[in-house]
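J.: This is the structure, below, for whatever I ask next.
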Amino acid sequence: MVIGKVVGTVVSTRKNDDLTGCKLMVVENIWEKEQIKYVAVDQVGVGIGDFVLVTYGSAARMGVGKEYSSIDAAIVGIIDNEEEIYIK
Amino acid sequence: MVIGKVVGTVVSTRKNDDLTGCKLMVVENIWEKEQIKYVAVDQVGVGIGDFVLVTYGSAARMGVGKEYSSIDAAIVGIIDNEEEIYIK
Amino acid sequence: MVIGKVVGTVVSTRKNDDLTGCKLMVVENIWEKEQIKYVAVDQVGVGIGDFVLVTYGSAARMGVGKEYSSIDAAIVGIIDNEEEIYIK
Amino acid sequence: MVIGKVVGTVVSTRKNDDLTGCKLMVVENIWEKEQIKYVAVDQVGVGIGDFVLVTYGSAARMGVGKEYSSIDAAIVGIIDNEEEIYIK
Amino acid sequence: MVIGKVVGTVVSTRKNDDLTGCKLMVVENIWEKEQIKYVAVDQVGVGIGDFVLVTYGSAARMGVGKEYSSIDAAIVGIIDNEEEIYIK
Chain S
490 MVIGKVVGTV VSTRKNDDLT GCKLMVVENI WEKEQIKYVA VDQVGVGIGD FVLVTYGSAA
550 RMGVGKEYSS IDAAIVGIID NEEEIYIK
Chain E
490 MVIGKVVGTV VSTRKNDDLT GCKLMVVENI WEKEQIKYVA VDQVGVGIGD FVLVTYGSAA
550 RMGVGKEYSS IDAAIVGIID NEEEIYIK
Chain A
490 MVIGKVVGTV VSTRKNDDLT GCKLMVVENI WEKEQIKYVA VDQVGVGIGD FVLVTYGSAA
550 RMGVGKEYSS IDAAIVGIID NEEEIYIK
Chain P
490 MVIGKVVGTV VSTRKNDDLT GCKLMVVENI WEKEQIKYVA VDQVGVGIGD FVLVTYGSAA
550 RMGVGKEYSS IDAAIVGIID NEEEIYIK
Chain Z
490 MVIGKVVGTV VSTRKNDDLT GCKLMVVENI WEKEQIKYVA VDQVGVGIGD FVLVTYGSAA
550 RMGVGKEYSS IDAAIVGIID NEEEIYIK
């Protein structure tokens with residue numbers, strides 16, 4: 490998993506059925522030098538500015554409980570000690 | 490998932506059987522500094538210039554409903570708020 | 490999938506049993522700035538200089554029809570319109 | 490797998506149920522030029538400063554014995570000969 | 490798959506049970522500009538300096554015949570024509 494900062498939301502009216510009801514957030518990887526962004530399904534109820542735990546690949550589908558969906562990134566936790574992690 | 494811009498189509502006469510009938514689009518990842526391109530199967534009916542949601546890996550096969558195919562990237566949504574996402 | 494150019498072949502006498510009979514080609518990703526190369530199993534009968542569709546990860550095993558093999562990259566199509574794609 | 494150095498711990502009170510009881514460590518890949526960090530589930534009992542073997546993707550879930558969890562990175566060994574590896 | 494050069498071995502006394510008996514080698518990807526290294530399980534009996542075929546992800550577990558293990562990289566062949574590949 491990586492630590493991401495939630496920086497936006499994605500609105501998509503026309504999308505795959507298996508994404509219906511999924512809250513799509515834009516997360517910025519705090520450790521990538523270029524701070525690459527991804528769209529991740531929110532699983533825990535996050536808001537803009539939160540530092541979150543993001544999982545990728547088949548693990549994201551498992552985390553969301555939709556094994557056969559088109560999800561490849563999911564927010565699976567909110568970080569409590571982000572200042573400490575930033576310093577290191 | 491990432492946000493891609495649809496920039497072209499791919500024509501392939503000689504290809505794997507499991508790709509027959511698949512619409513192959515060239516998408517450019519808007520967040521990669523080098524704007525890397527991929528070939529993704531269109532699942533929602535997109536056109537050149539559209540900003541779309543692209544999923545990768547085994548999730549792409551699931552999204553397309555072809556669990557045992559050779560697909561590793563799929564377009565699974567059209568983005569409504571691309572200007573807002575670009576700014577952030 | 491990505492578009493690759495076939496630039497060579499790989500000869501391996503001592504290899505995993507599940508690779509026996511597989512034609513191993515060196516493909517160069519035309520979109521990566523550094524043009525990273527991979528070894529992909531040829532599924533469609535390609536030659537040096539061909540522009541091809543390459544799939545990665547578990548999708549490669551599916552494409553080749555060897556779900557439990559050690560294959561992680563496969564050539565699954567020959568591109569007809571490579572000039573058009575290059576320009577974009 | 491890659492060799493990582495354990496540089497911190499992650500605290501997350503609100504998280505996916507399948508991560509309950511998992512010890513989350515920050516590991517720094519010693520071979521990446523930018524020393525990218527990841528959050529990996531500790532499986533062997535490591536401490537800050539240890540050089541460890543980190544596995545990614547679906548293998549991480551298998552290693553942890555939670556095939557259907559949202560884990561995509563796991564620490565699966567402690568390295569004995571890190572000085573030797575650093576030199577090479 | 491990629492071509493790697495075997496540059497070292499990894500010793501790990503305390504590790505996941507599913508790695509017991511696995512020979513862990515350090516391989517350097519010859520095509521990456523930064524020559525990133527990985528730890529891969531040796532499946533064919535290689536030595537330092539050999540040019541080898543390395544597979545990643547779930548394919549590595551399949552290649553090693555341990556579908557539910559924590560292995561994410563495996564050496565699955567020795568290259569016979571490495572000089573030819575280097576030139577191209």
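The listed protein sequences derive, respectively, from chains S, E, A, P and Z.
Counting in our numbering, the first sequence tops out at residue 577, every number present.
Counting in our numbering, the second sequence tops out at residue 577, every number present.
Counting in our numbering, the third sequence tops out at residue 577, every number present.
Counting in our numbering, the fourth sequence tops out at residue 577, every number present.
Counting in our numbering, the fifth sequence tops out at residue 577, every number present.
For every residue, glycine included, the Cβ atom is placed at its ideal position computed from N, Cα and C.
1. If you follow the beta strand (DSSP E) that Met-551(E) is in, where does it begin and where does it stop?
2. Can you name the start and end residues of the beta strand (DSSP E) that Gly-536(A) belongs to?
3. Return the CA-CA distance between Glu-571(Z) and Phe-540(Z), expressed in angstroms with no decimal places.
4. Do Ala-563(A) and Gly-552(A) have their beta-carbon atoms positioned less than 7 Å apart in this structure?
5. If we count Cβ pairs, one from each stretch, closer than 8 Å, do we get three or more for the stretch 513-531 of chain S versus the stretch 497-506 of chain A?
6. Considering just the uninterrupted stretch of the beta strand (DSSP E) at Leu-513(E), what are its terminal residues?
7. Can you confirm whether Glu-521(E), when its beta carbon is compared against all beta carbons of chain A, has any partner nearer than 7 Å?
8. Contact criterion: CB-CB distance below 7 Å. Does Gly-546(E) meet it with respect to chain A?
9. At what residues does the beta strand (DSSP E) containing Ile-568(P) begin and finish?
10. Taking Glu-517(Z) as the reference, give the member of Gly-546(Z), Val-495(Z), Ile-560(Z), Tyr-545(Z) with the closest Cα.
11. Spatial neighbours of Lys-565(Z) within its chain, please: C-beta separation below 6 Å, excluding the five flanking residues on both sides.
12. According to DSSP, is Ile-574(Z) part of a helix, a strand, or is it coil?
13. Can Ile-574(A) and Gly-497(E) be called in contact, C-beta distance under 7 Å?
14. Can you find a CB in chain S that lies within less than 7 Å of the CB of Ile-564(E)?
15. Distance check for Leu-508(A) and Ser-559(P), CA to CA, integer angstroms please.
16. Assign Gly-493(A) to one of two classes, buried (16 or more other C-beta atoms within 10 Å of its C-beta) or exposed (fewer than that).
17. Just to confirm before moving on: does the CB-CB distance between Leu-513(E) and Val-535(E) stay below 7 Å?
18. Any Cβ of chain S within less than 7 Å of the Cβ of Met-514(E)?
19. Leaving out five residues before and five after Gly-546(A) in sequence, what residues of the same chain have Cβ atoms less than 7 Å from its Cβ?
20. Beta carbon of Cys-511(A), beta carbon of Val-491(A): below 7 Å?
21. Leaving out five residues on either side along the sequence, give the residues of the same chain with a beta carbon under 8 Å from the beta carbon of Val-499(E).
22. Are the C-beta atoms of Gln-524(A) and some chain E residue less than 7 Å apart?
T.: In short:
1. No beta strand (DSSP E) contains Met-551(E), which is instead part of the alpha helix (DSSP H) from 547-553.
2. Segment: none, Gly-536(A) is in no beta strand (DSSP E) and carries neither H nor E.
3. Cα to Cα, the separation comes out at about 7 Å.
4. Result yes, Cβ atoms of Gly-552(A) and Ala-563(A) sit closer than 7 Å.
5. In short, these stretches do not touch, since the Cβ pair count stays below three.
6. 513-518
7. no
8. yes
9. Segment: none, Ile-568(P) is in no beta strand (DSSP E) and carries neither H nor E.
10. Ranking the options by Cα distance to Glu-517(Z), first place goes to Val-495(Z).
11. The sequence given here has Val at residue 565(Z), not Lys. So the list reads Gln-532, Leu-542, Thr-544, Gly-552, once near-sequence residues are dropped.
12. Residue state, collapsed to three classes: helix.
13. For the pair Ile-574(A) and Gly-497(E), the CB atoms are nearer than the 7 Å cut-off.
14. no
15. Computed Cα separation, rounded: 32 Å.
16. buried
17. no
18. no
19. Setting aside the 5 residues that flank it on each side, Gly-546(A) is surrounded in the same chain by Asp-561, each with a C-beta closer than 7 Å to its C-beta; the list follows chain order.
20. no
21. Leu-513, Met-514, Val-515, Val-528
22. no
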